[in-house]
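A.B. asks: First the structure, which I've put down as C-alpha cells, then a few questions once you've had a look.
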Amino acid sequence: MQEFDTILRNACVNGSYTCDIGIKNQLISAMGLGLVATEDTEIIDCEGAVVTPGGVDGHVHLAQDRSPRARAAGYVSADTIETGTRSAVAGGTTTVLLFAEQAKGQSLKEQVANYHFLAQEQGSYADYGFHAIITDPTEEVLENELPTLARDGGIMSMKLFLTYKHMRISDKQFLQALKKARELEMVALVHAENGDLVDFFTEQLEEMGLTNPMYKAIAHPPEAEAEAVNRAVTFSSIMDTPMLIVHVSVEEPMRVIQRAQSLLKPVFAETCPQYLLLGKKRLEEEHFCGAKYICSPPLRSDPKEIESIWRGIVNGTFTIFSSDHCPYRFNDAQGKQLGFSRGCDGKPKGVFTKIPNGLPGVETRVPLLFSEGVLKRRCIDVKRFVELTSENPAKLYGLYPKKGAIQIGSDADLVVWHPQDSFTPRKLNHDRDLHDGCDYTPYEGIEFLNWPRMTLLRGEIMFREGKIVGENGYGQFIRRKPCSLPFQRRMGKQWDVLQAAL
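With full-length UniProt numbering applied, the sequence shown corresponds to residues 1 to 502, in that order.
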C-alpha cells in the first residue's frame, strides 16, 4: 500500500475536478479519489475549495540595498530575503526569482556569490533562484563568467536595461549579450524604456521646477516605452534570442509584442498588478503621499490603457503576471522620504528623481489576480490564472514541471483557497493583513473576495489561516534549466548567412 506524509482531501484542482492529493517526500506522489491514509498521515480537508500550484514570481527585488546603485543613492530596501519570502508564502507564492545586480567594472560571478551568501545568511521561506543583471558586458563577463553561471550555477536568465544612466547598455552591447544568451539557452529580460528620451524630459522638468511625484509620469512617457520595446523586439528577432519584455504598462508596446508573437518570434511579455489596478491619480496624492506610487514605468492616466492591459491578460499577449516587488518604506529617511523637501511656502514638495523606484506587491500579486480577474470581472478562468501566476513563469524560467504544476512527480507546492461560499470579503489593511517589511501597501482598501487559506512548499505548510507557521530557511536555491515555453527558431538563408558571420 502506498503511504503518504500528507493527503489533501476534496481538492478542486485548478477549478476543474475534485480529488485527493497525496504527498510523499516533498513531492506529489498520487492523485485520485479515496487515497488511503495511515496513522501518521496528516489530513488536510480542502472542503471542495480550489487548489492551485504554488505561485512562481520571477520579478522580485529583495535586499536591494546590497546593490551598487542603492548603496550609491543611500536607499535601504524594506525587505530582506527573509521578510520578503515570508510575505511571498503568505500570499500563495512559493518560488521567487531575485536579482543579482552587477556594478560597472564588477565581476558578475562575485555579485551572484554575494547574493548566495546573503540568502544563506538571512534564510528564505520560499524556494528561490537568481537573475543576473548585466550592466557591464565585458568579454570576461560574456565569455567566461556567464557560461559558468548558466551551465554550473543554473542561472538561466539575464536582465538588461535600456534606461538608467548607471545601468543601461549600448545597442552593440545589447546585441552581444543577446548573442551569448542564445548560445547558452538563457532568457533575456529587458527593461524597455528609451533612456535618452527619459533623461531629456527629466532635465526639462527639473529646469522648470516641476519635480513633484506627479511629474514622474511625464518624464517617462508611453512613447519612451514603445520605442524601446520596438527596438528590443527587433534585436530579439535578429539574434533569435528568447526575450521577456518586463512590466509592460501601455497599449502601444503591446501591439509591437502582439505582432512579433503572431510571427512566431521568441518574444514574451509581463505585466504587473499596478498597471491593472492603479492610475496616475495616485501620484497626485497630497502631503507627499504620491511618492508611495513611484515606479518605472510609471502609473498611467488613461483608463483605456488599464483596459488594454486587462485585454492582454485575457487574450494571451501577457505570458506571465509578476509583482515587480521592490519595496521602500514611506516613513523612512532611507526610503521614499529621500525625495522629500519643502517649498518656499513650507508645503511638502517632492523630488521624483530622488524617490526610490518601486512598490511592494509580492504578497498581494496572486490574491489580487484571483479576486479581480477570476471572481470580480470574471474575465479569466482559474486555468488562465494558473498559467499567468505559476505555470508559464515556471516554463519560462526553466522550472517546469518541478514547479508550476499539480501532477505526480512535481514538488508539492500548493495553495489551498477558502471555499468561496464561506469567505467573508474584506478590505485590505496593511498592518492587519500583510507580512512584509514595508509600512504601506499601494492596494490599501481594495476588497478581496478570497485569499489563500494555506500555502504548502514541498509538502510543508508555510502559511495557514493568516499566520506564518513554516520555518525560515526551509526555502532552497533552485538550479534552473532552459525555457520550455514553445517558440520557433528562425530558419532560412538570411539567418544562415548572419549566423555564419557571427
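Yeah, the Cβ is synthetic: ideal placement off N, Cα and C, and Gly gets one too.
1) Runs of 4 residues minimum, wholly inside the stretch 317–389: which ones carry the alpha helix (DSSP H) assignment?
2) Taking just the CA atoms, how far does Ala63 sit from Glu121?
3) Excluding the five sequence neighbours on either side, which residues of its own chain have a C-beta within less than 6 angstroms of the C-beta of Phe201, listed in chain order?
4) According to the neighbour-count rule (16 or more other Cβ atoms, all chains shown, within 10 Å of its Cβ), is Lys165 buried or exposed?
5) Taking its Cβ as the centre, do 16 or more other Cβ atoms sit within 10 Å of Lys265, making it buried, or is it exposed?
6) State the Cα-Cα distance for the pair Met491 and Leu263, rounded to the nearest angstrom.
7) Quick one, are the C-beta atoms of Ile446 and Met31 less than 8 angstroms apart?
8) Rank Ala11, Ile245, Gly74 by C-alpha distance to the C-alpha of residue 531 and give the top, closest one.
9) Which same chain residues, not among the five before or five after Val56, have their C-beta less than 6 angstroms away from its C-beta?
10) Just grab the DSSP bridge partners of Ser170 for me.
11) Take every Cβ of the stretch 437–445, pair it with every Cβ of the stretch 325–332, and state whether three or more of those distances are shorter than 8 angstroms.
12) State the start and end residues of the unbroken beta strand (DSSP E) segment that holds Ser237.
13) Rounded to whole angstroms, what is the Cα-Cα separation between Phe352 and Phe130?
14) For Val233, collect the residues of the same chain with a Cβ closer than 6 angstroms to its Cβ; drop the 5 residues on either side in sequence, then sort them by chain order.
15) For Arg151, which beta-bridge partners are listed by DSSP?
16) Alpha carbons only, please: which of Gln26, Leu27, Asn25, Ile7 is nearest the one belonging to Cys19?
17) Where in the stretch 386–464 do unbroken runs of the beta strand (DSSP E), each at least 3 residues long, occur, reported from the N-terminal end onward?
18) Please report the straight-line C-alpha distance between His435 and Asp152, rounded to a whole angstrom.
19) When the Cα of Gly92 is compared with those of Ile461, Glu471, Tyr474, Gln476, which residue comes out closest?
20) Classify Phe117: buried if its beta carbon has 16 or more other beta carbons within 10 angstroms, exposed otherwise.
21) Do you know how far the Cα of Asp40 is from the Cα of Arg311?
22) With a Cβ-Cβ cutoff of 8 angstroms, do Ala192 and Ile245 count as a contact?
23) With H, G and I counted as helix, E and B as strand and the rest as coil, what does DSSP make of Lys159?
24) Ile44 lies in the beta strand (DSSP E); which residues open and close that run?
25) Quick test of the definition: if touching needs 3 or more C-beta pairs under 8 angstroms, does the stretch 308–324 touch the stretch 417–432?
26) My assumption, with CB atoms under 8 angstroms, is that Thr241 sits in contact with Ala150. Please give the rounded CB distance.
27) What is the DSSP secondary structure of Ala479, counted as helix, strand or coil?
28) In angstroms with no decimal places, state the Cα-to-Cα distance between Gly210 and Pro221.
29) At what residues does the beta strand (DSSP E) containing Ala188 begin and finish?
30) Considering only the alpha carbon of each residue, which of Ile23, Gly335, Met1, Leu146 lies closest to Ile406?
31) Determine the burial state of Asn194: buried for a count of at least 16 other Cβ atoms within 10 Å of its Cβ, exposed for fewer.
32) Kindly indicate which three-state DSSP category Tyr164 falls into: helix, strand or coil?
33) Go through its chain and collect everything with a Cβ distance to Gln258's Cβ below 7 angstroms, but skip five positions before and after it.
34) Cβ atoms of Phe477 and Tyr215: under 8 angstroms apart, would you say?
35) If I measure Cβ to Cβ from Pro482 and keep anything under 7 angstroms in the same chain, skipping five residues before and after, which residues do I get?
C.D. replies: Taking the coordinates as given:
1) 365–369, 382–386
2) 12 angstroms
3) Ala219
4) exposed
5) buried
6) For Met491, the pLDDT reaches just 47, beneath the cut-off of 50, and the residue's location in the model is therefore unreliable, although a value from the coordinates is still provided. Distance between the alpha carbons of Met491 and Leu263: 13 angstroms.
7) no
8) Since the first and last residues shown for the chain are 1 and 502, residue 531 lies out of range.
9) Thr95, Ser390, Pro393, Ala394, Lys403, Gly404
10) BP columns for Ser170 are empty, so no partner.
11) yes
12) From DSSP, Ser237 is part of no beta strand (DSSP E) but of the alpha helix (DSSP H) over 222–239.
13) 29 angstroms
14) Val256, Ala260, Val267
15) Looking at the DSSP assignment, Arg151 forms no beta bridge with any residue, so it has no partner.
16) Ile7
17) 414–417, 452–457, 460–464
18) 34 angstroms
19) Ile461
20) exposed
21) 48 angstroms
22) yes
23) strand
24) 42–45
25) no
26) At roughly 13 angstroms, the Cβ-Cβ gap does not stay under 8 angstroms, so Thr241 and Ala150 are not in contact.
27) According to the sequence displayed, residue 479 carries Arg and not Ala. Arg479 falls in the coil class under three-state DSSP.
28) Note on residue identity: the sequence assigns Leu, not Gly, to residue 210. Going by the C-alpha atoms only, they are around 15 angstroms apart.
29) 187–191
30) Ile23
31) buried
32) coil
33) Thr317
34) no
35) Met156, Glu185, Gly398
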